[in-house]
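Enquirer: In the working numbering, the protein residues as written are 20 to 641.
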Amino acid sequence: MPTFLRKRSIVSLLIAFTLLLGVIVATVLINARQQRDQANVQRSLDIELRLAHVFSLVQDAETGQRGFLLTEKESYLLPYEAAVRELDAEFAALGARVSDNQHRVAALAALRVDVQEKLAELRKTIELVRDGRMEDALEEVRSDRGQALMRRAREAVQRMSAAEQQILVERQAYSARAAALTRTGEILALLLAIVLGALTIKDSQRLFAKIADANEALRVANTKVLEESQQKERLEQQLRQSQKLEAIGHLTGGIAHDFNNMLAVIISSLNLLKRRAERGEKDFLKFADSALDGAERAAVLTHRLLAFARQQPLSPQAVDCNKFVAGMSDLLRRTLGEMVKVETVLAGGLWRTFVDPSELESAVLNLAVNGRDAMPDGGRLTIETGNASLDDVYAAQHVGVPAGQYVLVTVTDTGVGMAPEVAAKAFDPFYTTKGIGKGTGLGLSQVFGFVKQSGGHVKIYSEPKQGTAIKIYLPRFFGDDTEPASSPAAAAAVVPMGSPDIVVLVVEDEDRMLRLASAAFHDLGYTALQADGPATALRIIAERPDISLLFTDVVMPEMSGRSLAEEALRQRPGLKVIYTTGFSRNAVIHNGVLDRDVNFLTKPFTLEQLARKVRAVLKGAE
Numbered sequence: 020m021p022t023f024l025r026k027r028s029i030v031s032l033l034i035a036f037t038l039l040l041g042v043i044v045a046t047v048l049i050n051a052r053q054q055r056d057q058a059n060v061q062r063s064l065d066i067e068l069r070l071a072h073v074f075s076l077v078q079d080a081e082t083g084q085r086g087f088l089l090t091e092k093e094s095y096l097l098p099y100e101a102a103v104r105e106l107d108a109e110f111a112a113l114g115a116r117v118s119d120n121q122h123r124v125a126a127l128a129a130l131r132v133d134v135q136e137k138l139a140e141l142r143k144t145i146e147l148v149r150d151g152r153m154e155d156a157l158e159e160v161r162s163d164r165g166q167a168l169m170r171r172a173r174e175a176v177q178r179m180s181a182a183e184q185q186i187l188v189e190r191q192a193y194s195a196r197a198a199a200l201t202r203t204g205e206i207l208a209l210l211l212a213i214v215l216g217a218l219t220i221k222d223s224q225r226l227f228a229k230i231a232d233a234n235e236a237l238r239v240a241n242t243k244v245l246e247e248s249q250q251k252e253r254l255e256q257q258l259r260q261s262q263k264l265e266a267i268g269h270l271t272g273g274i275a276h277d278f279n280n281m282l283a284v285i286i287s288s289l290n291l292l293k294r295r296a297e298r299g300e301k302d303f304l305k306f307a308d309s310a311l312d313g314a315e316r317a318a319v320l321t322h323r324l325l326a327f328a329r330q331q332p333l334s335p336q337a338v339d340c341n342k343f344v345a346g347m348s349d350l351l352r353r354t355l356g357e358m359v360k361v362e363t364v365l366a367g368g369l370w371r372t373f374v375d376p377s378e379l380e381s382a383v384l385n386l387a388v389n390g391r392d393a394m395p396d397g398g399r400l401t402i403e404t405g406n407a408s409l410d411d412v413y414a415a416q417h418v419g420v421p422a423g424q425y426v427l428v429t430v431t432d433t434g435v436g437m438a439p440e441v442a443a444k445a446f447d448p449f450y451t452t453k454g455i456g457k458g459t460g461l462g463l464s465q466v467f468g469f470v471k472q473s474g475g476h477v478k479i480y481s482e483p484k485q486g487t488a489i490k491i492y493l494p495r496f497f498g499d500d501t502e503p504a505s506s507p508a509a510a511a512a513v514v515p516m517g518s519p520d521i522v523v524l525v526v527e528d529e530d531r532m533l534r535l536a537s538a539a540f541h542d543l544g545y546t547a548l549q550a551d552g553p554a555t556a557l558r559i560i561a562e563r564p565d566i567s568l569l570f571t572d573v574v575m576p577e578m579s580g581r582s583l584a585e586e587a588l589r590q591r592p593g594l595k596v597i598y599t600t601g602f603s604r605n606a607v608i609h610n611g612v613l614d615r616d617v618n619f620l621t622k623p624f625t626l627e628q629l630a631r632k633v634r635a636v637l638k639g640a641e
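(1) Could you pull the start and end residues of the alpha helix (DSSP H) that Lys360 belongs to?
(2) What did DSSP end up calling Leu200 once you bin it into helix, strand or coil?
(3) Going by C-alpha to C-alpha distance, which of Ala175, Thr144, Gly151 sits closest to Val124?
(4) To which residues of the same chain is Ala511 closer than 8 Å at the C-beta, ignoring the five residues directly before and after it?
(5) Are the Cβ atoms of Leu629 and Phe540 separated by less than 9 Å?
(6) To the nearest angstrom, how far is the alpha carbon of Met437 from that of Asp392?
(7) Is it right to say Gly456 is buried, meaning 16 or more other beta carbons lie within 10 angstroms of its own, or is it exposed?
(8) Drop a sphere of 10 angstroms on the beta-carbon of Asn610, count the other beta-carbons inside from all chains shown, and report buried for 16 or more, exposed for fewer.
(9) Can you tell me which of Ile186, Leu106, Asn120, Lys595 puts its alpha carbon nearest to the alpha carbon of Val132?
(10) Got a sec? Which residues, its chain only, sit under 7 Å from Thr37 by beta carbon, not counting five neighbours each side?
(11) Quick check: Val418 and Tyr545, are their CB atoms within less than 9 Å of each other?
(12) Among the residues of its own chain, which have a CB less than 6 Å from the CB of Ala382, if the five just before and after it don't count?
(13) Short of 7 Å in beta carbon distance, which residues of its chain neighbour Ala547, apart from the five on each side in sequence? Order them along the chain.
(14) In chain order, what residues of the same chain lie with their CB nearer than 6 Å to the CB of Leu70, ignoring the 5 residues before and after it?
(15) Alpha helix (DSSP H) containing Asn341: first to last residue?
(16) For Val418, report the span of its alpha helix (DSSP H) as first-last.
(17) For Asn341 and Val430, I'd like the C-alpha separation in whole angstroms.
(18) Evaluate Asn290 with the Cβ neighbour count: other Cβ atoms within 10 Å of its Cβ, from every protein chain shown; 16 or more gives buried, anything less gives exposed.
(19) From Pro483 to Gly398, what does the alpha carbon distance come to, in whole angstroms?
(20) Should Thr90 go down as buried or exposed, given a rule of 16 or more other Cβ atoms within 10 Å for buried?
(21) Please classify Leu369 as buried or exposed, where buried requires at least 16 other C-beta atoms within 10 Å of its C-beta.
(22) Given a cut-off of 9 Å on the beta-carbon distance, is the pair Glu81 and Leu141 in contact?
(23) Taking Leu15 as the reference, give the member of Leu583, Met578, Leu568, Ser582 with the closest Cα.
(24) Gln336 and Pro395: beta carbons closer than 9 Å?
(25) DSSP has Arg495 in a bridge; who is on the other side?
(26) Starting from Gly405, trace the beta strand (DSSP E) in both directions and tell me its first and last residue.
(27) What span of residues does the alpha helix (DSSP H) with Ser582 cover, start to end?
(28) Tell me whether the beta-carbon of Ala387 lies closer than 9 Å to the beta-carbon of Leu351.
(29) Take Asp65 as the anchor and find which of Ile560, Val361, Ala112 has the nearest alpha-carbon.
(30) From the DSSP output, in three-state form, read off Leu351 for me.
(31) When the Cα atoms are used, what is the spatial distance from Phe446 to Val426?
(32) Run through DSSP, which three-state label would Glu93 get?
(33) Looking at the structure shown, is Val573 part of a helix, part of a strand, or coil, going by DSSP?
(34) To the nearest angstrom, how far is the alpha carbon of Gly434 from that of Val514?
(35) So the beta strand (DSSP E) Ile597 belongs to, where does it begin and stop?
(36) Below 6 Å CB to CB, which residues in the same chain sit around Tyr358 once its five sequence neighbours on both sides are set aside?
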């Protein structure tokens, strides 16, 4: 080989190896930086969680202080005392994590001062009460100083959390750039490998060892890339977990806000009712109505939360959606008003579906009301039915949607429509674009939860200024050709009364609920016996053969209501049973569906609902 060619080959090899070495070094440096960023991200996430916990502890302390002020019982101070003990440890842990950043240290110090001032304010009111100076303590509370201190603490936590979020965003951006550089390095390394291969062929065996070294270096680089990819995946998992926590916080805040509003109405109304009744005034029934309205709205909120969580008890039936929608026409027109024109387009040869008729009615009504609210100046609301088949391609593009045949119910309005970013959040709990007091933000969440619990699918289509169409896909029912359910009939206005000859055994381990339920049965005209647990209930059943109905809670410490009913029916085969509970995961409900032949009344219930349920169960025994 001529000398000048050999020199050119050597120079080419040197250049190639130099570039390859640079790629390897850059990859190693990027990897080391990402490892540091990973640790910093973990620390930022930990700081955010601890900040949230610090604020939660301050809230716990305030809750304990409020309970003590209301009751003057020392037991209510347990949350306060626990929070005071734990706060020092939390601040110490936070101090260790922010010690390398003076801005963080200063922010944490300011937060600690705010928290200490808040605790001092709480401690002052507690000591005033203990000294018998309740009025001074209440004056301190009414001064709003505590509220201002809590607001300062909240704002301090929010500022520190926002700073940590900014750090996370910056590190995520760096990770993206690092990934791009790594990919570029891989491409460059591949090109260099090709060049080295060509030079090795030309330079025969002398360059073969150098190519082997380059391949080994390339293997190391690929290993580094794999490790980097795994680290990136772990970081993404942590970020997803952080987003889940944020969603939980949003949901919890929404629940607390709505329940606090309703409790404020209930407590204020009952306080006013009591004061006027004690003064002998007679115009207090409006406050009872106000308290009842607040309680009923709280019950509706609980029902919607269970629907969103897909934990509400369902009583599915075969439903012909054409008859169902036609049966709702009058209800929809009364609800939506004269400014909204309601049209129905019912498909011929419509399949049946298997869902809870009451929940389907609630879902359609929710969508219709949302459509009306989107048309403040009036418009047209169309409810359309049809058969639909979702293929494997559609199912693959929509997670959790099985391919198959569905009954389609579409609700379309000619309203203002939604931007894509709004439509993407439409089914999120407590998300609403309506004004304050005009919606809970749970309507579409309830629809989504019910449809998913029924094995279906929901899809929203919307364009600004064009309107919105929401499609509900309900699985086709292939069961026996039984009579389909229609839209639930309106409940009778008259409360059905009972007779003293009918004896009801009420079983409830919660004393107040036991007394109230028994009083309700007495008020409806029945003879009510009380049992504070399953053992007492079985003894009474053995002693009283005249008992016609067992009304039992599902969740009790000694024995479940289901087990109690089974033992009671073994002794008295003709006994009728009604179960009641606020939430039961698997005693009488499985996969969200009531067991066959189970009579169930969800807590909380009204006197009218109780009367109708008892009448229906006893009438079925005739």
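Where a beta carbon is used, it is the ideal one built from N, C-alpha and C, also for glycine.
Expert: Checking against the coordinates, here is how it stands:
(1) From DSSP, Lys360 is part of no alpha helix (DSSP H) but of the beta strand (DSSP E) over 359 to 364.
(2) helix
(3) Ala175
(4) Here the model assigns Ala511 a pLDDT of 45, short of 50, so the residue's position is not dependable, and the following value carries that caveat. Here the set comprises Arg631.
(5) yes
(6) 13 Å
(7) Confidence at Gly456 is low in this model, with a pLDDT of 45, below 50, so its placement is unreliable and no value can be given for it.
(8) In this predicted model, Asn610 has a pLDDT of only 47, less than 50, meaning its place in the structure is not dependable; the value taken from the coordinates is given anyway. Counting Cβ neighbours within 10 Å, Asn610 comes out exposed, since fewer than 16 surround it.
(9) Leu106
(10) none
(11) no
(12) Val466, Phe469
(13) Val523, Val525, Ser537, Phe540, His541
(14) Val176, Met179, Ser180
(15) 340 to 346
(16) First-last for Val418: undefined, no H or E at that position.
(17) 14 Å
(18) exposed
(19) 15 Å
(20) exposed
(21) buried
(22) yes
(23) Because residue 15 is not part of the residues shown, which for the chain are 20 to 641, the question remains open.
(24) no
(25) Thr372
(26) 398 to 409
(27) 580 to 590
(28) yes
(29) Ala112
(30) helix
(31) 21 Å
(32) helix
(33) coil
(34) 40 Å
(35) 595 to 600
(36) One point to set straight first is that residue 358 is Met, not Tyr, in the sequence displayed. Answer for Met358: Gly397, listed in chain order.
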